[in-house]
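All remarks here apply to the structure that follows.
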Amino acid sequence: MTHNFDWVERDRGILTERDRELLLGKVGDDLDENAWNVRRYNIRKRIENALYDFHIIAQNLPVTDIRQVFEPAYEWSRERRRLDEEGRTSSNPDVDQLLWSWLSLFEFFSYGMHAGGKQETQILMQGLVEGGIERGYREYQHDNLPKYREIEANLGLDYGNLVMRNNYLRGVLRDLPSEPSKIAEEVMRLRQLRKISQMDASRWFDEYVRRPDTE
């Protein structure tokens, strides 16, 4: 994944450039609460309409266009195969930013489904994901394969041991490297994997990277 990707100055998607700057905290100090509420309402409505559009896209976008959208995944697969043929099975190809953005889409979906605080929602989430995988693969078989095989997706969620959050964070903090530069890299990695919160990441940066002499 590239670290110099321009998150703001891109073509219009769900968000405008102004929306991106606001959500990234680059601007917005001049907005009152009502203006922020209007901005967030507009973003929510565009997200909803984008999801409705995916119903049309999934059923009607020509496969030639679909393949172009997913070309980064095919390129990753070609590189993975080349590494395997060279015996470099422990090496992983770089992941294109677009593929990482798919990960963020699933992250957003999972967080949003859990945000309601209802245990039953997890059953709904699992059913939607499994159903989508099954439908997509069935359609692919109809269009591309001479033989058809029924498929049943199974999204298994394996949970680790339940621990108090403070105990978990103490364990993570205990395993941080000693050098400030290495700490910065590890904190960024943990935050990217969502293993620590943005608040914890900022606090650790202040305590162990920007002001390491205060330990």
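All residue numbers in the sequence shown are consecutive under the working numbering, ending with 220. All C-beta atoms, glycine included, are put in the ideal place defined by N, C-alpha and C. Source: prediction; values computed, not measured.
DSSP state of residue i mapped onto helix, strand, coil
| i | result |
| --- | --- |
| residue 19 | coil |
| residue 132 | helix |
| residue 56 | helix |
| residue 100 | coil |
| residue 186 | helix |
| residue 145 | helix |
| residue 220 | Note on residue 220: pLDDT 46, under 50, position unreliable in the model; no value is reported. |
| residue 72 | helix |
| residue 177 | helix |
| residue 170 | helix |
| residue 95 | coil |
| residue 137 | helix |
| residue 127 | helix |
| residue 66 | coil |
| residue 196 | helix |
CB of residue i within 8 Å of CB of residue j, strictly
| i | j | result |
| --- | --- | --- |
| residue 73 | residue 10 | no |
| residue 156 | residue 144 | no |
| residue 84 | residue 98 | yes |
| residue 134 | residue 162 | no |
| residue 185 | residue 214 | yes |
| residue 199 | residue 112 | yes |
| residue 48 | residue 20 | yes |
Span separating the alpha-carbon of residue i from that of residue j
| i | j | result |
| --- | --- | --- |
| residue 110 | residue 91 | 33 Å |
| residue 225 | residue 167 | This structure cannot speak to residue 225, because the chain is shown only from 6 to 220. |
| residue 87 | residue 104 | 19 Å |
| residue 39 | residue 202 | 27 Å |
| residue 216 | residue 192 | 15 Å |
| residue 158 | residue 137 | 9 Å |
| residue 219 | residue 204 | Residue confidence is low: residue 219 scores 47 on pLDDT, short of 50, so the model does not pin down where it sits. Its coordinate-derived value is still stated next. Going by the C-alpha atoms only, they are around 19 Å apart. |
| residue 210 | residue 150 | 52 Å |
| residue 197 | residue 81 | 20 Å |
| residue 58 | residue 165 | 37 Å |
| residue 132 | residue 46 | 28 Å |
| residue 35 | residue 15 | 24 Å |
| residue 89 | residue 123 | 44 Å |
| residue 304 | residue 69 | Residue 304 is absent from the structure shown; the chain starts at 6 and stops at 220. |
| residue 50 | residue 44 | 10 Å |
| residue 188 | residue 128 | 38 Å |
| residue 171 | residue 65 | 49 Å |
| residue 212 | residue 206 | 10 Å |
| residue 169 | residue 190 | 25 Å |
Contact set for residue i: own chain, Cβ-Cβ below 8 Å, skip 5 residues either direction
| i | result |
| --- | --- |
| residue 33 | 26, 27 and 41 |
| residue 173 | none |
| residue 94 | 88 |
Residues of its chain near residue i, where Cβ-Cβ distance is below 6 Å and the 5 sequence neighbours each way are ignored
| i | result |
| --- | --- |
| residue 146 | 153 |
| residue 118 | 126 and 130 |
Any C-beta of chain B under 8 Å from that of residue i
| i | result |
| --- | --- |
| residue 15 | Among the chains in the structure shown there is no chain B, since it carries only a single protein chain. |
Contacting residues, own chain, Cβ-Cβ under 7 Å from residue i (five flanking each side not counted)
| i | result |
| --- | --- |
| residue 52 | 19 |
| residue 178 | none |
| residue 23 | none |
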